[in-house]
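Under our numbering, the sequence shown is numbered contiguously, ending at residue 765.
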Amino acid sequence: MGLFSLIGKLFQGGGSAEAEQESTADAVEYKGFQIIPQPRKIGGQYGVGALICKEVDGESRQYQLLRSDQMSSRDDCIELSISKAKRTIDEQGERVFS
């Protein structure tokens, strides 16, 4: 890493739009729910997480799914996040929002 890139990093803001975009992935529809994978950067790995959304009685409901699992690949983390969210939906259905 060059001196100028180090200096540039010192003057960058806390959260860039690029980093913000990397935090979510394309939404997936499953049994009337919307799953939005949200891998979290943890050191050199990605933490499993997703946002589960559904409209219930005319109200938009959300559940933040966070797991301790970590993957070295962002794509693998997204796949596992979707799988964990689907399992949560299968086991709890709309009760996940209570």
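Backbone N, C-alpha and C fix where the C-beta goes; we use that ideal spot for every residue, glycine too.
All values reported here derive from a predicted model rather than from experimental measurement.
What does the Cβ neighbour count give for residue 698, buried or exposed, with the cut at 16 atoms within 10 Å? exposed
Please report how far the alpha carbon of residue 716 lies from the alpha carbon of residue 749, in whole angstroms. 8 Å
Residue 751: buried (16+ other C-beta within 10 angstroms of its C-beta) or exposed? buried
Every unbroken beta strand (DSSP E) within the region 698-765, with a cutoff of 3 residues, ordered by chain: 700-704, 707-709, 712-723, 726-738
Suppose you measure from the CA of residue 666 to the CA of residue 692; what does that come to, to the nearest Å? Since the first residue of the chain shown is 668 and the last is 765, residue 666 is not available in this structure.
Where residue 736 and residue 700 are concerned, what is the direct C-alpha to C-alpha distance, given to the nearest angstrom? 22 Å
Give me the Cβ distance between residue 761 and residue 721, rounded to the nearest whole Å; I'm assuming they're in contact under 8 Å. 7 Å
Inter-residue spacing [alpha-carbon to alpha-carbon] between residue 754 and residue 706: 17 Å
Out of curiosity, what's the CA-to-CA distance linking residue 664 and residue 732? The structure shown has nothing for residue 664, since the chain only spans 668 to 765.
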